[in-house]
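2 protein chains.
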Amino acid sequence: MIKVSVMYPNELNARFDHDYYRDKHMPMVKEKMGDFCKYYTIDKGMFGGAPGTPPTYIGMCHLFCDSVEAFQAGFGPHAKEILADIANYTDLTPILQTSEVVVG
Amino acid sequence: MIKVSVMYPNELNARFDHDYYRDKHMPMVKEKMGDFCKYYTIDKGMFGGAPGTPPTYIGMCHLFCDSVEAFQAGFGPHAKEILADIANYTDLTPILQTSEVVVG
Numbered sequence: 072m073i074k075v076s077v078m079y080p081n082e083l084n085a086r087f088d089h090d091y092y093r094d095k096h097m098p099m100v101k102e103k104m105g106d107f108c109k110y111y112t113i114d115k116g117m118f119g120g121a122p123g124t125p126p127t128y129i130g131m132c133h134l135f136c137d138s139v140e141a142f143q144a145g146f147g148p149h150a151k152e153i154l155a156d157i158a159n160y161t162d163l164t165p166i167l168q169t170s171e172v173v174v175g
Numbered sequence: 072m073i074k075v076s077v078m079y080p081n082e083l084n085a086r087f088d089h090d091y092y093r094d095k096h097m098p099m100v101k102e103k104m105g106d107f108c109k110y111y112t113i114d115k116g117m118f119g120g121a122p123g124t125p126p127t128y129i130g131m132c133h134l135f136c137d138s139v140e141a142f143q144a145g146f147g148p149h150a151k152e153i154l155a156d157i158a159n160y161t162d163l164t165p166i167l168q169t170s171e172v173v174v175g
């Protein structure tokens, strides 16, 4: 299993609509990807190394897929539409990382 | 539910013993924290925005707890011992973030 993490840096005055992300964007991504995405998780940044310090990321999602190929097969055909929706909830440019799920 | 993410930057020539992390360190953390940690996950960085690019983090773990207070109650009493074990698998200084689990 692999996970594709999409991490939005917590920049000053960043715009990030957590409700839209949870209610519209991520369900749309899952619907487009179908079974190529087994499931996804969403995080809302609270704080960094200690309460009161800023979190590194204002929001994150993690897409869990059987393999890199499965992710590409599910995401690729819908990439344009999915990426076009980002402007509806943020101006931030996310950092992407694909990881092996060692313990899931 | 909250998650505490411990993210190890993928620095050049970074030392990170993924086997020790999976087999020794994280089970020890869970054993010390007991039920204050509901479960944890471990990621091993594969690549960044595209295959062949470096991942931002060489390794990550995520500790899932009922609340910030639960994390502190479980981690605090064992912090010294847990932190002292880091040198056994890496020289890296992790980035910490606590997030609200919006979708888990």
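Going down the list, the protein sequences come from chains Z and G.
Heads up: the first sequence at position 12 corresponds to 83 in the numbering used here, and the numbers run straight through without jumps.
Heads up: the second sequence at position 36 corresponds to 107 in the numbering used here, and the numbers run straight through without jumps.
Every residue gets a Cβ at the ideal spot worked out from N, C-alpha and C, and that includes glycine.
Discussion item. Residues in the same chain with beta-carbon distance under 6 Å from F142 (chain Z), minus the five sequence neighbours each way, listed in chain order, please.
Written reply: The residue you call residue 142 (chain Z) lines up with position 71 of the first sequence. Here the set comprises V75 and C136.
Item to complete: Please compile the residues from chain G whose C-beta is within a distance smaller than 7 Å of the C-beta of R93 (chain Z).
Response: Along the first sequence, read from residue 1 onward, the residue named residue 93 (chain Z) stands at position 22. For R93 (chain Z), the neighbours in chain G by C-beta distance under 7 Å run, in chain order, V173 and V174.
Worksheet item: Which word fits T164 (chain G), buried or exposed, when buried means at least 16 other C-beta atoms lie within 10 angstroms of its C-beta?
Response: As a working note, residue 164 (chain G) is residue 93 in the second sequence. The residue in question, T164 (chain G), is exposed, as its Cβ has fewer than 16 Cβ neighbours within 10 Å.
Item to complete: Using a Cβ cut-off of 7 Å, pull out every chain Z residue sitting near Y79 (chain G), in sequence order please.
Response: Indexing the second sequence from 1 puts residue 79 (chain G) at position 8. Against chain Z, the beta carbon of Y79 (chain G) has no neighbour under 7 Å; the closest one sits roughly 12 Å away.
Worksheet item: Does DSSP put E82 (chain G) in a helix, in a strand, or in coil?
Response: For the purposes of this step, residue 82 (chain G) is taken as residue 11 along the second sequence, with counting starting at 1. Of the three classes helix, strand and coil, the one that applies to E82 (chain G) here is coil, per DSSP.
Fill in: Alpha carbon of N81 (chain Z) to alpha carbon of D94 (chain G), nearest angstrom
On the first sequence, residue 81 (chain Z) is found 10 positions in, with the first residue counted as 1. On the second sequence, residue 94 (chain G) is found 23 positions in, with the first residue counted as 1. About 33 Å.
Practice prompt. Indicate whether at least one CB of chain Z lies closer than 8 Å to the CB of L167 (chain G).
Written response: One-based indexing of the second sequence puts residue 167 (chain G) at position 96. Yes, its Cβ sits closer than 8 Å to a Cβ of chain Z.
Fill in: Entirely enclosed alpha helix (DSSP H) segments - the region 117-147 of chain G, minimum 4 residues
Scanning the region 117-147 of chain G from its first residue to its last, the whole alpha helix (DSSP H) runs of 4-plus residues come out as 139-146.
Fill in: Spatial neighbours of T169 (chain Z) in its chain, beta-carbon cut-off 8 Å, leaving aside the 5 residues before and after
Counting from 1 along the first sequence, the entry for residue 169 (chain Z) is found at position 98. Excluding sequence neighbours, T169 (chain Z) sits near I73, K74, V75, S76, V139 and F142.
Discussion item. For a contact defined as C-beta to C-beta under 8 Å, what are the partners of I73 (chain Z) on chain G?
Written reply: Start at 1 with the first residue of the first sequence, and residue 73 (chain Z) comes out as number 2. What I73 (chain Z) touches in chain G: M117.
Discussion item. With H, G and I counted as helix, E and B as strand and the rest as coil, what does DSSP make of D162 (chain G)?
Written reply: What you label residue 162 (chain G) is simply residue 91 of the second sequence in a count that begins at 1. Reduced to three states, the DSSP call for D162 (chain G) is coil.
Discussion item. Along the region 139-168 of chain G, where does the CB come closer than 8 Å to a CB of chain Z? Name the residues.
Written reply: Residues V139, I166, L167 and Q168.
Worksheet item: Does G120 (chain Z) get closer than 8 Å to chain G when you measure Cβ to Cβ?
Response: For this step, residue 120 (chain Z) is matched to residue 49 along the first sequence. G120 (chain Z) counts as touching chain G.
Worksheet item: What first and last residue would you give for the alpha helix (DSSP H) that runs through K151 (chain G)?
Response: Position 80 of the second sequence, counting from 1, holds the residue named residue 151 (chain G). A150 to A155 is the span of the alpha helix (DSSP H), which, as asked, contains K151 (chain G).
Worksheet item: Can you name the start and end residues of the alpha helix (DSSP H) that K101 (chain G) belongs to?
Response: As a position in the second sequence, residue 101 (chain G) is number 30, starting the count at 1. First-last of the alpha helix (DSSP H) with K101 (chain G): M97 to M104.
Practice prompt. Starting from the C-beta of K115 (chain G), find all residues in its chain whose C-beta is less than 7 Å away, skip the five residues before and the five after it, and write them out in chain order.
Written response: Here residue 115 (chain G) refers to the residue found at position 44 of the second sequence. Excluding positions up to five away in sequence, the list reads H89 and G130.
Practice prompt. Closer than 6 Å by C-beta to V100 (chain G): which residues in its own chain qualify, once you throw out the five before and the five after it? Chain order, please.
Written response: Along the second sequence, read from residue 1 onward, the residue named residue 100 (chain G) stands at position 29. Only I153 meet the Cβ criterion.
Worksheet item: Can you tell which of G:K109, G:T124, G:D162 and G:P125 has its C-alpha closest to the C-alpha of Y92 (chain G)?
Response: Taking the first residue of the second sequence as 1, we reach residue 92 (chain G) at position 21. Selected option, being the one with the closest Cα: G:D162.
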